[in-house]
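Residue numbers (the working numbering): 18 to 159. Heads up, the beta-carbon is just placed ideally off N, CA and C, and yes, glycines get one too. Okay, so here's the structure we're looking at.
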């Protein structure tokens, strides 16, 4: 049987919480994914320093982090923030592109009234007017 030190357990717990946070974040982000017109606004939806402070407070309480450990975790958050933002931006761009191609392919099967209905359904599903009225989603691709 492998015996883990307290510091190893704490590190594994922090990593597990981070992975769970990424999974939940991906799920929530997918559920409220902004359309391309809202891409700039989407990148500012989360106030990273405030979010990191909340996570750090939770980790301190849950793991009993020392002041030194908390400061080190905070520095890790700060050092990795740019990398995480760049990764999210890349994921968003690829997902938007795939969604646009999928919608364009579906639109090719529909008449104009059905396309309007599709856009209304997509807007309802995403909780906002996701498509410009009077313009089919694939106009820029045709």
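Contact between residue 80 and residue 27 is confirmed by a C-beta separation of about 5 Å, below the 8 Å threshold. Taking each of 84, 90, 21, 83 in turn and checking the Cα distance to residue 34, the smallest one comes out for 90. In the same chain as residue 30, and ignoring 5 residues on each side of it, the C-beta atoms closer than 7 Å to its own belong to 80, in chain order. In the three-state scheme derived from DSSP, where H, G and I count as helix and E and B as strand, residue 20 is classed as coil.
Membership of residue 81 in any alpha helix (DSSP H) is not indicated, and neither H nor E is assigned to it by DSSP.
In the structure shown, residue 135 adopts helical secondary structure according to DSSP, grouped into three states.
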